[in-house]
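Residue numbers (the working numbering): 11 to 264.
The structure appears right after this line, and notes come after that.
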Amino acid sequence: MRRPLIAGNWKMHGSRGTVRALLTALRDGLDGTDGVDVMVLPPAIYIPDAVRQLDGGPVRVGAQNVADQEQGAFTGEIAADMLTDFGCTHALVGHSERRSLYGESDALVAARFAAAQRHGVTPILCVGETLQERESGATETVVAAQIDAVADVAGREALADAVVAYEPVWAIGTGVSASPEQAQGMHAFIRARLAHHGVSATAVRLLYGGSVKPDSAAELFAQPDIDGALVGGASLKADDFLGIIARAREARVS
Ligand code: PGA
């Protein structure tokens, strides 16, 4: 069985003080992680604080993005080896906010993915369709193109060493999660797409993201192809995030 991963994407929220308080509450509230991987993805400037505070514990620290280049004149970017320098093990690539608000193309996302892997940072590739794409029946075409771009740029086998997060854009920050059936259907599709690229897809962890809350988590985690969650809003509240982690732990033992 794949080990669940619960990752908290804090986006551009917080301050040094709230980061410290949230991580203290998380660490104190975690009654061991019992077969569940837990990760927080703070704004980049708080990564060193988070790594220091979580040192030696089970909670990992990831980044919300990573540069497609190594070093050089790329103002505002953070290279993958800078992330590893500070103890970051994972980085999101292709979050829908990066794609839609900052114009990141499938090709750029794929280049970021490849750069992360070259430096030992595990990419968490975010894929998902907009409401308009879903309503026009294009969901599978869009998601397949997002995955295929990575296979083209990084190589097919690269997909085996990644995490994929299915995040329908219409479910992010809206309070309207995909139903467990909708999410499972797309997760099965993604797994099949990975297999199409020759990846041993049964081993790849697929997270669902989009308005995951403690109340909706159990049903999502009961689906056979959902291996955890990428959590936005609810990861900023220690009780909610701990509740989602608890549901993943229960799903694992049930
Ligand atoms: P949300 O965000 O949980 O607030 O919908 C998820 C995400 O954007 O990763």
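Ideal Cβ placement from N, Cα and C applies to all residues, glycine included.
Delimiting residues of the beta strand (DSSP E) encompassing residue i
{"i": "V137", "result": "132-137"}
{"i": "V241", "result": "238-241"}
{"i": "I16", "result": "15-19"}
{"i": "I217", "result": "Correcting the residue identity first, residue 217 is Leu in this sequence and not Ile. Looking at the DSSP string, the run of the beta strand (DSSP E) that includes L217 is 215-219."}
{"i": "D47", "result": "47-51"}
Start-to-end residues for the alpha helix (DSSP H) that takes in residue i
{"i": "R30", "result": "26-39"}
{"i": "I157", "result": "149-164"}
{"i": "M196", "result": "190-206"}
{"i": "A170", "result": "Neither: A170 is in no alpha helix (DSSP H) and is coded neither H nor E."}
{"i": "G253", "result": "248-263"}
CB contact flag (residue i, residue j, <7 Å)
{"i": "G8", "j": "A101", "result": "Shown here, the chain extends from 11 to 264; a query on residue 8 therefore has no answer."}
{"i": "V186", "j": "L135", "result": "no"}
{"i": "I200", "j": "Y176", "result": "yes"}
{"i": "D237", "j": "R70", "result": "no"}
{"i": "S106", "j": "V214", "result": "no"}
{"i": "A181", "j": "S221", "result": "yes"}
{"i": "A239", "j": "I16", "result": "yes"}
{"i": "A120", "j": "V173", "result": "no"}
{"i": "A198", "j": "D235", "result": "yes"}
{"i": "L169", "j": "V137", "result": "no"}
{"i": "H129", "j": "D91", "result": "yes"}
{"i": "A227", "j": "I254", "result": "yes"}
{"i": "E145", "j": "V152", "result": "no"}
Cβ distance (whole Å) where residue i is taken to contact residue j below 8 Å
{"i": "G18", "j": "F251", "result": "6 Å"}
{"i": "C98", "j": "I57", "result": "6 Å"}
{"i": "D171", "j": "T132", "result": "7 Å"}
Status (buried if at least 16 other CB within 10 Å, exposed otherwise) for residue i
{"i": "T149", "result": "buried"}
{"i": "Y218", "result": "buried"}
{"i": "Y112", "result": "exposed"}
{"i": "M49", "result": "buried"}
Near the ligand NAD: residue i beta-carbon under 6 Å from a heavy atom
{"i": "G183", "result": "No copy of the ligand NAD occurs in the structure displayed; its ligands are the ligand PGA alone."}
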